[in-house]
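Numbering-wise (the working numbering), the sequence shown opens with residue 6 and increments by one.
Where is the CB? At the ideal position from N, CA and C, for every residue including glycine.
The next block holds one structure in the form of structure tokens; read it before the comments.
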Amino acid sequence: MRVPAPQPDATWGVDFARDDGTAGFLRLLRFANRCWCWAYLVGPSIGLVVVRDPDVAPPRRTEILDVRSEGLWMELVCETPDEHWTYGVEAFAVRLDDPEDALRGEIGERLPMGVDLEWETDGSGATGTVHGELLIRDARIELEAPGVLRNTTAPATAWPTRLPSTPFEPLVTVPIPLGVEATANGPVLLRVLARMHDEAGIGGASWLEVLQSEAPGSEGGAMSHE
Numbered sequence: 006m007r008v009p010a011p012q013p014d015a016t017w018g019v020d021f022a023r024d025d026g027t028a029g030f031l032r033l034l035r036f037a038n039r040c041w042c043w044a045y046l047v048g049p050s051i052g053l054v055v056v057r058d059p060d061v062a063p064p065r066r067t068e069i070l071d072v073r074s075e076g077l078w079m080e081l082v083c084e085t086p087d088e089h090w091t092y093g094v095e096a097f098a099v100r101l102d103d104p105e106d107a108l109r110g111e112i113g114e115r116l117p118m119g120v121d122l123e124w125e126t127d128g129s130g131a132t133g134t135v136h137g138e139l140l141i142r143d144a145r146i147e148l149e150a151p152g153v154l155r156n157t158t159a160p161a162t163a164w165p166t167r168l169p170s171t172p173f174e175p176l177v178t179v180p181i182p183l184g185v186e187a188t189a190n191g192p193v194l195l196r197v198l199a200r201m202h203d204e205a206g207i208g209g210a211s212w213l214e215v216l217q218s219e220a221p222g223s224e225g226g227a228m229s230h231e
């Protein structure tokens with residue numbers, strides 16, 4: 006059974022990945038009367054730490070994207086259009102033992118998580134530099150890494166459909182159910198942190214996305230791609 010993924014009417018966020026495997030992404034997706042919030046961090050000294058809330062009241066302001074729910078605050082601010090964004094997160098997160106625990110209720114070690122980041126570029130495109138701090142419990146991790154702005158108001162392109170042609174080595178795959186509950190028939194967004202390289206072996210770490218029509222392990226599951 007193929008279940009179409011719900012389409013947000015706007016998406017904001019940023020992806021970042023450092024060559025040592027320290028990486029993460031932030032997402033705020035707006036639907037008609039609610040928002041989804043995602044904040045995922047991964048790395049050798051972090052493990053996989055996740056925040057996901059699919060039922061958050063939409064921001065009240067347009068100049069500052071500020072959302073709150075129980076145990077979660079997220080703020081995205083466009084300081085200079087196409088050049089400079091700031092991101093703040095304070096939340097109680099969960100450290101997962103296994104990435105596929107994301108499909109089983111995201112049960113794990115509960116701990117405080119914080120993000121204080123900036124994305125900057127010279128205005129030439131969505132690729133820039135992310136710098137700031139990641140906070141996991143009492144640990145502070147200084148971050149400077151390539152980062153990609155992920156903002157769109159086009160529902161038809163909100164979910165990924167393209168598989169990469171560049172060779173890559175998967176480092177971690179995080180399955181995210183696209184619904185309030187993970188079900189065997191629900192669509193799943195697979196986010197893969199991978200080490201990508203060209204034929205000469207030059208490259209670095211990057212996030213990839215593919216949309217799977219059904220949950221891993223269910224009959225008939227297939228990845229949507231072009």
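Contacts around Gly-137, its chain only, beta-carbon distance under 7 Å, and the 5 residues preceding and following it disregarded: Excluding five sequence positions before and after Gly-137, the CB atoms of its chain that fall closer than 7 Å to its own CB belong to Asp-121, Leu-122, Glu-123, Leu-148, given in chain order.
Roughly how many angstroms separate the alpha carbons of Leu-183 and Gly-208, rounded to a whole number? Cα to Cα, the separation comes out at about 30 Å.
Is Pro-117 buried or exposed, if buried means 16 or more other CB atoms sit within 10 Å of its CB? The residue is exposed, with fewer than 16 neighbouring Cβ atoms inside 10 Å.
Just checking my contact of Val-72 with Cys-42 at CB under 8 Å: how many whole Å lie between their CB atoms? Val-72 to Cys-42, Cβ: 6 Å. Contact.
Could you pull out every residue in the same chain whose Cβ sits closer than 7 Å to the Cβ of Arg-142, ignoring the five residues on either side in sequence? So the qualifying residues of the chain are Leu-116, Pro-117.
Where DSSP assigns a beta bridge to Leu-183, which residues make up the other side? Note: Leu-183 sits in no beta bridge, so no partner.
Could you check how far apart the C-beta atoms of Asp-58 and Leu-33 are, in whole angstroms? I think they sit under 8 Å. With a contact defined as Cβ atoms closer than 8 Å, Asp-58 and Leu-33 miss out at about 10 Å.
Taking just the CA atoms, how far does Leu-70 sit from Pro-64? So the two alpha carbons sit approximately 6 Å from each other.
Can you look up Val-82 in the DSSP assignment and give me helix, strand or coil? Of the three classes helix, strand and coil, the one that applies to Val-82 here is strand, per DSSP.
Residues near Gly-152 in its chain [Cβ-Cβ closer than 7 Å; skip 5 each side]: Here the set comprises Val-19, Asp-20, Phe-21, Trp-124, Gly-133, Thr-134, Val-135.
Assign Ala-62 to one of two classes, buried (16 or more other C-beta atoms within 10 Å of its C-beta) or exposed (fewer than that). With fewer than 16 Cβ atoms within 10 Å of its Cβ, Ala-62 is classed as exposed.
Beta-carbon spacing of Asp-24, Ala-210 below 8 Å: Yes, these two residues count as a Cβ contact at 8 Å.
Report yes if the C-beta distance between Pro-13 and Ala-107 is below 8 Å; otherwise report no. No. Outside cutoff.
Roughly how many angstroms separate the alpha carbons of Gly-1 and Ala-96, rounded to a whole number? Beyond the ends of the chain as shown, which are 6 and 231, falls residue 1; an answer cannot be given.
Based on Cα-Cα distance, which residue from Val-193, Phe-173, Leu-101 lies nearest to Met-201? Of the listed residues, the one whose Cα sits closest to Met-201 is Phe-173.
In chain order, what residues of the same chain lie with their CB nearer than 6 Å to the CB of Ala-187, ignoring the 5 residues before and after it? In this prediction, Ala-187 scores a pLDDT of 45, lower than 50, which makes its location untrustworthy; the coordinate-derived value is nonetheless stated afterwards. Same-chain partners within the cutoff: Leu-108.
Around the C-beta of Pro-49, are 16 or more other C-beta atoms found within 10 angstroms, so that it is buried, or is it exposed? Exposed is the call here.
From the DSSP output, which residues share a beta bridge with Phe-97? Per DSSP, Pro-117.
Check whether Val-47 and Ala-28 have beta carbons under 8 Å apart: Yes, Cβ-Cβ distance for Val-47 and Ala-28 is below 8 Å.
Consult DSSP for Glu-75 and reduce its assignment to one of helix, strand or coil. In this structure, Glu-75 counts as coil in the three-state DSSP scheme.
Where Thr-171 and Ala-150 are concerned, what is the direct C-alpha to C-alpha distance, given to the nearest angstrom? Between the alpha carbons of Thr-171 and Ala-150 lies a gap of roughly 20 Å.
Starting from Gly-191, trace the beta strand (DSSP E) in both directions and tell me its first and last residue. Unbroken run through Gly-191: none, as it is neither H nor E.
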